[in-house]
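The numbers in our numbering rise by one with no breaks, and the one at position 345 of the sequence shown is 331. Worksheet for the structure shown next.
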Amino acid sequence: MNKILILLILLITNISSGQDKSCDCLNSLEEISKKIKLAKSYKSQIKTKSDEFRFEEWKNQIIKEISEDSLKDYFCLGYLQKYISFIKDNHNMIYQKTEADLFKPLFYEREVDDVIDSDSISGIYYSGNETIKLIKHSNSSWLGVMDTSDSDIWKNGAIRLKLNKTSKGKFEIFEHYKNGLLVYNNNIEIKNNRIGNTFWNKDNTYHFYKQHEENFGFKSLDANHDYINIKTLKRTYELMDEADTFYNDLKQKLVKPYLIIDLRNNGGGSLLQTKSLIKLLKKTKEIKKIYVLINFLTASAAEISTLRLKDDKRTVIVGENSKGAVSYGYGNEGIAGRLNCDSIEYAFSIEVIKNDYLKYEQVGITPDVLLNNDKDWIRRIIELNPKE
C-alpha cells in the first residue's frame, strides 16, 4: 500500500513539474519564436540573413531580461509580446485566457506607505474608480501598486503594472488590465501627468476618452459646428445597414462650415462603413474644414479611414496618436493557435493592407493638432475657429 502511495505521489509530482515546465517563460519564448514565422508580417519584414540575425539578437536580449527579472513569471506574457513587437505589426497578438476568479495578482513585498519618491514620475495615478501608487523599483523602473479599486481582484498592495525607461528615452509598460489581461506597449511617453496610451493620470481627468452611446450619432453644436461620432466599424450586416441609413439622413444636415468626426475609441472593422461618408463629404461644398478626432484606442480600419479622410485637403487630424495597427490584417481566416502552456494563445496577421502604412505601425497616426488632457477636446476644436 505504501509503495502504491509513493508511486502515486511521484506520478503527480512529475505531472505537476511537467506542467510547470511547459509554462516556463523561456520555454514559451522558444515556442513563440517558431510560431511567429507563420505571420505575414514576419515574411514581409524578415527577408535577409541580416534580418534573421538581428531578430535572433533581439531574442537573446529578451532571454537576458527574463532571466534577470525577479517578477518574470508574473510579467511573462508581456515579455512574449515584447519579443514579437520586433515585427512591426500590432495585429500580431499573444494573449492569455483569464477568468476573474482564477487570476491571482502578485502583491508588493513591502508595506506601501504614503511616502512617494520625489522624482517626477512617481506618485498617485487614477483610472476611473481605481488608483495606484507608482513606486520606484530601480534606477530605470517603477511598479504600479494598487491603492484603491472597486474590483474584487485588485486588493490594496497588488502589483498592477511595471514601467521601464528604455534606451531611447521613452518608456515601456507591462500592464494588467482590470480583468487580469496583461498587455505590453513599447511606445509610452509620460507627460502632462499622464502615462501615455493608458488611462492612468495624476489629475483624474479623461478628456482623451469618449464612450459613445450611439453607433452613429449627429449633433449640431452651434451655429458653425456639426458633430458626428462613429463608435465602431464592426463587420455585421446590421451595422452596415445602420451606417447606410445614417449617411442618407446626413445629406440634408451638413450645412455648417466646420464638421467634427469623432473616432475616439473606434477599434476598427470594415472600411465599407466609411466609404459612403467620404463620398458624401466630397460632394458637400458647404464644409470649410473637417476635424477628425482620434485617440490611443483608434485602431485598424478606423485609422485607415482617418488617412483616407486626410486625402481631403480640408481635413485636420486632432487629438493624440492612434493605436498603430494599420499595415496588416487577419483577412477572412487568421492564423491562431495555443502554446503548450494551455492558457497562452496567439493570433497572427495573414494579409498586407498597404506597405505605405508601415510608418504608422506601432507608432500611430500623429495628429496635425495635438491635444492635452487639460480641457474638453470638442471645446478645444471649436476654439480653433473664428466665430462668424
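Each residue gets a CB set at the ideal place from its N, CA and C atoms; glycine is no exception.
At the level of alpha carbons, what is the spacing between residue i and residue j?
| i | j | result |
| --- | --- | --- |
| I70 | L207 | 44 Å |
| G114 | K35 | 48 Å |
| I32 | K21 | 14 Å |
| D306 | T134 | Reading off the sequence, residue 306 comes out as Glu, not Asp. Near 28 Å, if we compare the C-alpha coordinates of T134 and E306. |
| N142 | I159 | 20 Å |
| E272 | N371 | 15 Å |
| L(-3) | K83 | Confidence in L(-3) is poor, its pLDDT being 31 and thus under 50, which makes the residue's placement unreliable; the coordinate value appears in the next sentence. Cα-Cα distance, rounded: 28 Å. |
| V257 | L219 | Inspection of the sequence shows that residue 257 is occupied by Leu rather than by Val. Between L257 and L219, the C-alpha separation is close to 7 Å. |
| Y332 | Y244 | 43 Å |
| R96 | N359 | 33 Å |
| G130 | I118 | 6 Å |
| G350 | L236 | 29 Å |
| R324 | C9 | 12 Å |
| K361 | I367 | 10 Å |
Over what stretch of residues does the beta strand (DSSP E) that includes residue i continue unbroken?
| i | result |
| --- | --- |
| E369 | Taken as a continuous stretch (DSSP letters only), E369 belongs to no beta strand (DSSP E), being part of the alpha helix (DSSP H) at 363 to 369. |
| A333 | 330 to 334 |
| D133 | 127 to 134 |
| Q82 | 79 to 82 |
| L245 | 244 to 248 |
| H123 | 116 to 124 |
| I214 | 211 to 216 |
Measure how close the beta-carbons of residue i and residue j come, nearest whole angstrom, since I'm counting them as under 8 Å.
| i | j | result |
| --- | --- | --- |
| L24 | I321 | 5 Å |
| L240 | D212 | 6 Å |
| K148 | S127 | 6 Å |
| D248 | L279 | 5 Å |
DSSP state of residue i, grouped into three classes?
| i | result |
| --- | --- |
| P372 | coil |
| E51 | helix |
| D37 | helix |
| I70 | helix |
| Y111 | strand |
| G64 | helix |
| E347 | coil |
| N251 | coil |
| E337 | strand |
| N187 | strand |
| Q197 | coil |
| I(-5) | Per-residue confidence for I(-5) stands at a pLDDT of 32, beneath the threshold of 50, marking its modelled position as unreliable; the derived number appears in the next sentence. If DSSP states are grouped into helix, strand and coil, I(-5) belongs with the helices. |
| K205 | strand |
| S2 | Because the pLDDT of S2 is 31, which lies under 50, any placement of that residue in the model is unreliable, and the number read from its coordinates should be weighed accordingly. Looking at S2 - three-state DSSP - the assignment turns out to be helix. |
Residue i lies in the alpha helix (DSSP H); which residues open and close that run?
| i | result |
| --- | --- |
| L236 | 223 to 236 |
| S262 | 258 to 269 |
| E375 | Outside the displayed span of the chain (-13 to 374) sits residue 375, for which this structure offers no information. |
| Y28 | 26 to 31 |
Output yes if chain C places a C-beta closer than 8 Å to the C-beta of residue i; else output no.
| i | result |
| --- | --- |
| F282 | Here chain C cannot be found, since the structure has a single protein chain. |
What are the start and end residues of each continuous beta strand (DSSP E) run of 3 or more residues lying completely inside the region 273 to 325, in chain order?
-> 275 to 280, 301 to 305, 321 to 324
In chain order, which beta strand (DSSP E) runs of at least 3 residues are fully inside the region 137 to 184?
-> 145 to 151, 157 to 162, 168 to 174
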